[in-house]
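Asks:
So this is what it looks like as structure tokens:
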């Protein structure tokens, strides 16, 4: 069975250059950079998911109200409809107060 050679423009191509002591070509350097970026973004995403995100209630309500219906339904499922209803009620109350103050 013939051994497959790693192609340039891939992370394995970059590793082949490195293993052979060669200077990597531009395509392999780009592939390695893109791979590193993806790994960094994934690790940061996991960190944020583990730590959680704190947002002001009015910001969450505004984001909910400006979201498409499919996103609103997903948020209803994640947050719970009664909590979302309360956030929207607080947002509406805040908007009414700011309009009256103007």
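Residue numbers (the working numbering): -19 to 82. Cβ atoms here follow ideal geometry from the backbone N, Cα and C, with glycine treated the same way.
Taking 9 Å as the cut-off, decide whether the C-beta atoms of residue 0 and residue 41 are in contact.
Replies: Going by C-beta atoms, residue 0 is not nearer than 9 Å to residue 41.
Asks: Given residue 47, which residues of its chain have a CB within under 8 Å of its CB, disregarding the five upstream and five downstream residues?
Replies: The residues are 55.
Asks: Out of curiosity, what's the CA-to-CA distance linking residue 3 and residue 13?
Replies: Taking the straight line from one Cα to the other gives about 15 Å.
Asks: Quick one: which unbroken alpha helix (DSSP H) runs of 4-plus residues sit fully inside the segment 18 to 71? Chain order, please.
Replies: The qualifying runs are 37 to 46, 49 to 59.
Asks: Quick one: what's got a C-beta closer than 6 Å to residue -7's C-beta in the same chain, skipping five residues either side?
Replies: Only -14, -13, 8 meet the Cβ criterion.
Asks: Run through DSSP, which three-state label would residue 2 get?
Replies: DSSP places residue 2 in coil when its eight states are reduced to three.
Asks: Do you know whose CA, among 75, 39, 78, 77, lies nearest residue 64's CA?
Replies: The option with the nearest alpha carbon to residue 64 is 39.
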